[in-house]
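K.L.:
Here it is, the structure, as structure tokens.
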Amino acid sequence: MDRNPRTASAAPAKPRSIQPLVWILLVCLAPIVFAILAYYVPALGLRPEEASNYGRLLDPQRPIPAAEALDLKTEDGQPFDLASLKGQWVLASAGPGACPESCVTKLFILRNSHASQGKNVERLSRVWFVTDDAPISEQILEAYQGTIIVRAKPEKLAAFLTPGASAPAGQALAAPMWIIDPLGNLMIEFPENADPVSVRKDISKLIYNSRIG
Numbered sequence: 000m001d002r003n004p005r006t007a008s009a010a011p012a013k014p015r016s017i018q019p020l021v022w023i024l025l026v027c028l029a030p031i032v033f034a035i036l037a038y039y040v041p042a043l044g045l046r047p048e049e050a051s052n053y054g055r056l057l058d059p060q061r062p063i064p065a066a067e068a069l070d071l072k073t074e075d076g077q078p079f080d081l082a083s084l085k086g087q088w089v090l091a092s093a094g095p096g097a098c099p100e101s102c103v104t105k106l107f108i109l110r111n112s113h114a115s116q117g118k119n120v121e122r123l124s125r126v127w128f129v130t131d132d133a134p135i136s137e138q139i140l141e142a143y144q145g146t147i148i149v150r151a152k153p154e155k156l157a158a159f160l161t162p163g164a165s166a167p168a169g170q171a172l173a174a175p176m177w178i179i180d181p182l183g184n185l186m187i188e189f190p191e192n193a194d195p196v197s198v199r200k201d202i203s204k205l206i207y208n209s210r211i212g
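Using numbering that gives the first Met the number 0, the letters of the sequence shown map in sequence onto residues 0 to 212.
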């Protein structure tokens, strides 16, 4: 009998395991299954929470007009170009120079929201548009140091901040607060009598999630 290993019949090959293929299929199908469960079975808690903003997102956003169109002036009468603040998040309010309680409240909310941003505080600026020629009290100037104060003509400012408002320009401007993004777009409007905590949370979310400004 020929016992030469070269001529002996080869042993039958072991069948290949399909386990690797099964794992590959499971890995590929997992995202699809997860998405289906998240969408159709919300009770499982797999669906991410919907994004929510307290302030109203403006659609479309409105770019800052040319300096000549806004015609802003500093307290010493020099022209001020709002576009010079591009690169910063701008927290804005408007009101008369006498600054009644509602005006002070807005200045207070924006100052505290700004101050609460910690290491991101340098990414924001605050602007108060004064909509008449009335003098500003020393008390207000002292309390809100760091706020950029510019005089504005109500009709021109309202064309940017509150276009289409039914109320007179000065009245329409006195109610809300706004956020202008670092690209120079008016993007959020906060309502009259806004909740300070909700305003601060909106600003914090914007600053935390943004890679601009």
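All residues carry an ideal CB built from backbone N, CA and C; glycine is no exception.
In terms of DSSP beta bridges, what is I147 paired with?
P.N.:
In the DSSP assignment, I147 forms a beta bridge with V126.
K.L.:
Assuming L109 contacts S92 under a Cβ cut-off of 8 Å, what Cβ separation, rounded to an integer in Å, is found between them?
P.N.:
6 Å between Cβ atoms; contact.
K.L.:
Alpha carbon to alpha carbon, how far is L20 from Y53? Give it in angstroms, no decimals.
P.N.:
49 Å
K.L.:
Starting from N184, follow its DSSP beta bridges and name the residues at the other end.
P.N.:
N184 is bridged to P62.
K.L.:
Report the option in A114, F128 and D131 whose CA atom is closest to the CA atom of K200.
P.N.:
A114
K.L.:
Select from L123, V120 and L140 the residue whose C-alpha is nearest the C-alpha of V129.
P.N.:
L140
K.L.:
Do M186 and L213 come within 8 Å of each other at the CB atom, strictly closer than that value?
P.N.:
Nothing about residue 213 can be read from this structure; the chain reaches only from 0 to 212.
K.L.:
Have a look at G163, D75, R150 and A173 and flag the residue whose alpha-carbon is nearest the alpha-carbon of P99.
P.N.:
Ranking G163, D75, R150 and A173 by CA distance to the CA of P99 puts A173 first.
K.L.:
How is R199 classed by DSSP in three states: helix, strand or coil?
P.N.:
Helix at R199.
K.L.:
Starting from A97, trace the beta strand (DSSP E) both ways and give me its first and last residue.
P.N.:
Run containing A97: none; DSSP gives neither H nor E here.
K.L.:
Relative to the C-alpha of A157, which candidate in A97, A168, A66 and V149 has its C-alpha closest?
P.N.:
A168
K.L.:
Where does A91 fall in DSSP's three states?
P.N.:
Of the three classes helix, strand and coil, the one that applies to A91 here is strand, per DSSP.
K.L.:
Report the residue from I17, P134, I148 and A166 whose alpha carbon sits nearest the alpha carbon of D80.
P.N.:
Considering only alpha carbons, the answer is I148.
K.L.:
Locate the beta strand (DSSP E) running through K155, then write down its first and last residues.
P.N.:
Premise fails: K155 lies in the alpha helix (DSSP H), P153 to L160, not in any beta strand (DSSP E).
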